[in-house]
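**Student:**
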Amino acid sequence: MVTESAQLHIDDPDFGDLVFDAVVAGADDGEPVLLLHGWPQTSLSWQYVIPPLASSGLRVAAVDQRGYSSGARPVDVAAYDLSRLVDDAAGILDALGWGTAHIVGHDWGAHVGWALAARHPGLVRSLTALSLPHPRALAAALRDDDEQRAKSSYISTFRRDPPAAAAALLRDDAAALRAVYGDGVHRRDIDSYVEYFAVDDALEASLRWYAAIDAAAFNALPEVDVATAFVWGSEDIAIGSAAAYACAEWCRGPYEFRVLTGRGHWLPDEDPDAVVDAILARVG
Numbered sequence: 001m002v003t004e005s006a007q008l009h010i011d012d013p014d015f016g017d018l019v020f021d022a023v024v025a026g027a028d029d030g031e032p033v034l035l036l037h038g039w040p041q042t043s044l045s046w047q048y049v050i051p052p053l054a055s056s057g058l059r060v061a062a063v064d065q066r067g068y069s070s071g072a073r074p075v076d077v078a079a080y081d082l083s084r085l086v087d088d089a090a091g092i093l094d095a096l097g098w099g100t101a102h103i104v105g106h107d108w109g110a111h112v113g114w115a116l117a118a119r120h121p122g123l124v125r126s127l128t129a130l131s132l133p134h135p136r137a138l139a140a141a142l143r144d145d146d147e148q149r150a151k152s153s154y155i156s157t158f159r160r161d162p163p164a165a166a167a168a169l170l171r172d173d174a175a176a177l178r179a180v181y182g183d184g185v186h187r188r189d190i191d192s193y194v195e196y197f198a199v200d201d202a203l204e205a206s207l208r209w210y211a212a213i214d215a216a217a218f219n220a221l222p223e224v225d226v227a228t229a230f231v232w233g234s235e236d237i238a239i240g241s242a243a244a245y246a247c248a249e250w251c252r253g254p255y256e257f258r259v260l261t262g263r264g265h266w267l268p269d270e271d272p273d274a275v276v277d278a279i280l281a282r283v284g
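With full-length UniProt numbering applied, the sequence shown corresponds to residues 1 to 284, in that order.
#1: For W266 versus Y80, is the C-beta distance shorter than 7 angstroms?
#2: Measure the C-alpha to C-alpha separation of L34 and L127 and round it to an integer number of angstroms.
#3: Below 8 angstroms on the Cβ atoms is my contact criterion, and I expect P268 with Y68 to pass it. Report the Cβ-Cβ distance as a whole number of Å.
#4: Between which two residues does the alpha helix (DSSP H) carrying R263 extend?
#5: With residue 285 and P163 assumed to form a contact (beta carbons below 8 angstroms), what rounded beta-carbon distance in angstroms separates them?
#6: Can you round the beta-carbon distance between G264 and G240 to whole angstroms, since I take them to be within the 8 angstroms contact cut?
#7: Extract the residue ranges of the alpha helix (DSSP H) inside the stretch 19-91, only unbroken runs of 4 or more that lie entirely within it.
#8: Quick check on S192: does DSSP put it in helix, strand or coil?
#9: Are there 16 or more other CB atoms within 10 angstroms of the CB of E195, so buried, or fewer, so exposed?
#10: I need the boundaries of the alpha helix (DSSP H) containing D144, first residue and last residue.
#11: Less than 7 angstroms separating the beta-carbons of A117 and V224?
#12: Using DSSP's beta-bridge definition, name the partner residues of A198.
#13: Between the stretch 21-39 and the stretch 55-71, can you find at least three pairs of beta-carbon atoms closer than 8 angstroms?
#14: Hey, how far is the Cα of Q65 from the Cα of H37?
#15: Please work out which residues of its chain come closer than 6 angstroms, Cβ to Cβ, to A278, disregarding the five sequence neighbours upstream and downstream, and give them in chain order.
#16: To the nearest angstrom, how far is the alpha carbon of Q148 from that of E235?
#17: So, W46 versus A62, is the Cβ gap smaller than 7 angstroms?
#18: Relative to the C-alpha of V185, which residue among A6, P222, A110 and P40 is closest?
#19: Leaving aside the five residues before and after G262 along the sequence, list all residues of the same chain whose C-beta is less than 8 angstroms from its C-beta, in chain order.
#20: Can you give me the C-alpha to C-alpha distance between P74 and A140, rounded to a whole angstrom?
#21: By alpha-carbon positions, which one of R119, K151 and L130 ends up nearest to D271?
#22: In the DSSP assignment, what are the bridge partners of V224?
#23: Taking the C-alpha atoms as reference points, what is the distance between F218 and E4?
#24: So which of R160, R143 and R136 has the shortest CA-CA distance to A248?
#25: Might you give, ordered along the chain, the residues of its own chain that have their beta carbon closer than 7 angstroms to the beta carbon of V180, omitting 5 neighbours on each side?
#26: Is the CB-CB distance between A166 and T157 below 7 angstroms?
#27: What does a CB cutoff of less than 6 angstroms around A6 pick up in its chain, not counting 5 residues either side in sequence?
#28: What residue does the alpha helix (DSSP H) around D173 start on, and which one ends it?
Structural data, given as structure tokens:
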């Protein structure tokens, strides 16, 4: 399989020309699929998913999002507002010459996917969200469920002081950052992520996503009408069952909920075959 590297330019009206690093694979005339990674990962997280999708005849792109691409790393926390992240996804579709695509997101990438589908449904052929349910389902669980509040307790630390949080995560050969991945990510890939995030302010920039969280935006996100699949691992360290099972309440179009029993948070790494199967079910 041939994988092409690409640099995609998006003009941010406040922060200028942003350059996003991407990898593209598959048939030029295949159904387009855009893969959006989560934290703390990059487009590398899709390395086990891209080949089978491309071999299935799809045109696939995985992009390093805002703060992760070195050419798209504004310092201002306001640059990481959800609306800007959604605009990035729309701009990436345009830069790829696609216009519309099947959207697949994991973790924070799923959050962007939910918001894109809710706010710009005409751009989204289908949505496959991994690990993160509709943000309003998560918001409700944070309000009502003790388990979810415990699972999300780390967020306040990231929001309060991203530079300090990044320094703590990278201390002692990134011991705390390595622990985040647990056993769900291959050791060689963890080493790659640590090397990536240790350069310049890459890790601090990724934490600006958390610093920019607007609770009101969570609660204002509309329901989703597009065909959607939500895939969740029963042992997810970040998302509990209350939020996962409530996701259906915010999906008005065709909806499928897949539970991967025994799997954790890092689904593209832990069970790429199940992820590919879920995507192909939506695309087909």
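Ideal Cβ positions, reconstructed from N, Cα and C, are used throughout, including at glycine.
**Tutor:** For this structure:
#1: Locating residue 266 in the sequence shown gives position 266, where the first residue counts as 1. Locating residue 80 in the sequence shown gives position 80, where the first residue counts as 1. Against a cut-off of 7 angstroms, the Cβ pair of Y80 and W266 comes out as no contact.
#2: As a position in the sequence shown, residue 34 is number 34, starting the count at 1. As a position in the sequence shown, residue 127 is number 127, starting the count at 1. Going from the Cα of L34 to the Cα of L127 covers about 10 angstroms.
#3: Walking along the sequence shown from the start, residue 268 turns up at place 268. Walking along the sequence shown from the start, residue 68 turns up at place 68. The C-beta separation of P268 from Y68 comes to about 16 angstroms, leaving the pair out of contact by the 8 angstroms criterion.
#4: Start at 1 with the first residue of the sequence shown, and residue 263 comes out as number 263. Judged by DSSP secondary structure, R263 falls outside any alpha helix (DSSP H); it is assigned neither H nor E.
#5: Nothing about residue 285 can be reported from this structure: the residues present for the chain run from 1 to 284 only.
#6: One-based indexing of the sequence shown puts residue 264 at position 264. One-based indexing of the sequence shown puts residue 240 at position 240. 12 angstroms between Cβ atoms; not a contact.
#7: Secondary structure remark: continuous alpha helix (DSSP H) runs of at least 4 residues inside the stretch 19-91, in chain order: 50-55.
#8: By one-based count along the sequence shown, residue 192 stands at place 192. S192 carries a helical assignment under DSSP once its states are collapsed to helix, strand and coil.
#9: Residue mapping note: residue 195 aligns to position 195 of the sequence shown, counting from 1. Exposed, since its Cβ has fewer than 16 Cβ neighbours within 10 Å.
#10: For the purposes of this step, residue 144 is identified with residue 144 of the sequence shown, where counting begins at 1. Secondary structure note for D144: its alpha helix (DSSP H) is the uninterrupted segment P135 to D144.
#11: Position 117 of the sequence shown holds residue 117. Position 224 of the sequence shown holds residue 224. Closer than 7 angstroms, so yes.
#12: Counted from its first residue, the sequence shown places residue 198 at position 198. Note: A198 sits in no beta bridge, so no partner.
#13: The answer is yes - the stretch 21-39 touches the stretch 55-71, with three or more Cβ pairs under 8 angstroms.
#14: Translated into positions along the sequence shown, residue 65 becomes position 65. Translated into positions along the sequence shown, residue 37 becomes position 37. Spanning the two alpha carbons is a distance of roughly 8 angstroms.
#15: Sequence index remark: in the sequence shown, residue 278 carries index 278 (1-based). Closer than 6 angstroms at the Cβ level, and outside the excluded window around A278, lie T128, A229, V231 and R258.
#16: Within the sequence shown, residue 148 is the residue found at index 148, counting from 1. Within the sequence shown, residue 235 is the residue found at index 235, counting from 1. Distance between the alpha carbons of Q148 and E235 is about 13 angstroms.
#17: Numbered from 1 along the sequence shown, position 46 holds the residue referred to as residue 46. Numbered from 1 along the sequence shown, position 62 holds the residue referred to as residue 62. When the beta-carbon positions are compared, W46 and A62 come within less than 7 angstroms of each other.
#18: For the purposes of this step, residue 185 is taken as the residue at position 185 of the sequence shown. For the residues A6, P222, A110 and P40, the minimum Cα distance to V185 belongs to P40.
#19: Taking the sequence shown and counting its residues from 1, one reaches residue 262 at position 262. Only residues of its own chain outside the window of five on either side were considered, and among them G233, S234 and E235 have a CB closer than 8 angstroms to the CB of G262, listed in chain order.
#20: Translated into positions along the sequence shown, residue 74 becomes position 74. Translated into positions along the sequence shown, residue 140 becomes position 140. Between P74 and A140, the C-alpha separation is close to 31 angstroms.
#21: Indexing the sequence shown from 1 puts residue 271 at position 271. Of the listed residues, the one whose Cα sits closest to D271 is L130.
#22: Indexing the sequence shown from 1 puts residue 224 at position 224. DSSP output for V224 lists C251 as bridge partner(s).
#23: Within the sequence shown, the letter at position 218 stands for residue 218. Within the sequence shown, the letter at position 4 stands for residue 4. Each residue's CA atom was taken as its position, placing F218 and E4 some 35 angstroms apart.
#24: On the sequence shown, residue 248 is found 248 positions in, with the first residue counted as 1. Closest in alpha carbon position to A248, among R160, R143 and R136, is R136.
#25: The residue you call residue 180 lines up with position 180 of the sequence shown. P40, listed in sequence order.
#26: The sequence position of residue 166 within the sequence shown is 166, counting from 1. The sequence position of residue 157 within the sequence shown is 157, counting from 1. For the 7 angstroms CB-CB criterion, A166 and T157 do not form a contact.
#27: Translated into the one-based positions of the sequence shown, residue 6 becomes position 6. Apart from the 5 residues on each side of it in sequence, A6 sits with its Cβ closer than 6 angstroms to the Cβ of A22 and V24 in its chain, given in chain order.
#28: Taking the sequence shown and counting its residues from 1, one reaches residue 173 at position 173. Boundaries of the alpha helix (DSSP H) around D173: P162 to Y181.
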